[in-house]
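Chemist: Provided herewith is a single structure, encoded as structure tokens, for subsequent inquiry.
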């Protein structure tokens with residue numbers, strides 16, 4: 011479960027996120043939308059402990075991200091929009107490194123890596139240095155790394171960057187399955203089709219404030235006012 015309570019982040023006189031409150035229960039697939047500069051990435055960086063909030067709090071699976079950072083971070087996997095890898099490590103070495111960070115037993119790491127490598131179809135590349143990976147392969151290995159420790163929550167920023175159609179399908183199916191297993195998925199993206207396909211609930215942020223929050227089931231009511239497209243709802247709300 012994710013709980014954001016009156017979350018605010020200021021940079022000098024500029025307020026990037028303004029009094030944002032939101033609860034996302036276990037197993038929900040949540041889509042977080044907003045125009046460029048709306049505060050999406052700043053929100054995610056506060057959720058993951060990369061930014062300290064100016065005020066308010068973030069609770070991840072019962073742990074305050076500021077007061078209990080190690081406990082909180084042990085419960086989620088984070089996939090940024092720009093994958094960071096250690097270029098001189100192979101994909102397998104990187105996955106072992108991630109498992110070690112989460113203090114997983116070596117045998118458990120080995121087992122989870124084998125399962126993840128097969129699932130994401132990266133066996134051909136897993137023993138090559140990541141400096142030789144394409145953008146799409148870097149994205150796949152980063153997502154695989156976020157799955158290794160079986161997190162209770164997955165936070166993902168623009169999941170389909172650089173992915174070919176086959177890779178995109180694998181990632182979408184993987185995220186959907188995790189949600190069905192009770193894992194909370196928080197996804198920030200500009201891709202409206204993916205949001206409509208995958209998400210249970212949708213939030214739209216503009217100028218640091220949450221301006222829309224509703225379920226996919228109720229979305230047809232909002233879309234019917236326009237041309238039946240989420241994109242039109244988004245454009246109208248954020249203009």
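In our numbering, the protein residues as written are 11 to 249. Glycine included, every Cβ here is placed at the ideal spot set by N, Cα and C. Keep in mind the model is a prediction, meaning the values are calculated, not measured.
Since I believe residue 158 is in contact with residue 169 (beta carbons under 8 Å), could you give me their beta-carbon distance rounded to a whole number of angstroms?
Modeler: Here the question's residue 169 lines up with position 159 in the chain shown. Here the question's residue 158 lines up with position 148 in the chain shown. Not quite, the Cβ-Cβ distance comes to about 17 Å (not below 8 Å), so this is no contact.
Chemist: Let's see if you can read the secondary structure: which residues bound the beta strand (DSSP E) around residue 199?
Modeler: Numbered from its first residue, the chain shown carries residue 199 at position 189. Element bounds for residue 199: n/a, residue is neither H nor E.
Chemist: I'd like to check one pair, residue 95 with residue 104: are the Cβ atoms closer than 7 Å?
Modeler: Taking the chain shown and counting its residues from 1, the one referred to as residue 104 is at position 94. Taking the chain shown and counting its residues from 1, the one referred to as residue 95 is at position 85. Yes, the Cβ-Cβ distance between residue 104 and residue 95 is below 7 Å.
Chemist: Going along the chain, which residues of its own chain have a beta-carbon closer than 6 Å to the beta-carbon of residue 90, five neighbours each way excluded?
Modeler: In the chain shown, counting from the first residue as 1, residue 90 sits at position 80. Result list for residue 90: 167, in chain order.
Chemist: Can the beta-carbon of residue 101 be found closer than 7 Å to that of residue 136?
Modeler: Looking up residue 101 in the chain shown gives position 91. Looking up residue 136 in the chain shown gives position 126. Going by C-beta atoms, residue 101 is nearer than 7 Å to residue 136.
Chemist: What would DSSP say about residue 213, mapped onto helix, strand or coil?
Modeler: Here residue 213 corresponds to residue number 203 of the chain shown, with the count starting at 1. Three-state result, residue 213: strand.
Chemist: Provide the residue(s) that pair with residue 266 in DSSP beta bridges, ordered along the chain.
Modeler: The requested residue 266 is not part of the displayed model; the chain covers only 11 to 249.
Chemist: Among 31, 185 and 139, which has the Cα closest to the Cα of residue 218?
Modeler: Within the chain shown, the letter at position 208 stands for residue 218. Among 31, 185 and 139, the Cα nearest to that of residue 218 belongs to 31.
Chemist: Going along the chain, which residues of its own chain have a beta-carbon closer than 6 Å to the beta-carbon of residue 147, five neighbours each way excluded?
Modeler: Taking the chain shown and counting its residues from 1, the one referred to as residue 147 is at position 137. Here the set comprises 135.
Chemist: Consult DSSP for residue 26 and reduce its assignment to one of helix, strand or coil.
Modeler: On the chain shown, residue 26 is found 16 positions in, with the first residue counted as 1. Correct three-state label for residue 26: strand.
Chemist: Helix, strand or coil: how does DSSP classify residue 138 here?
Modeler: Here the question's residue 138 lines up with position 128 in the chain shown. Residue 138 falls in the coil class under three-state DSSP.
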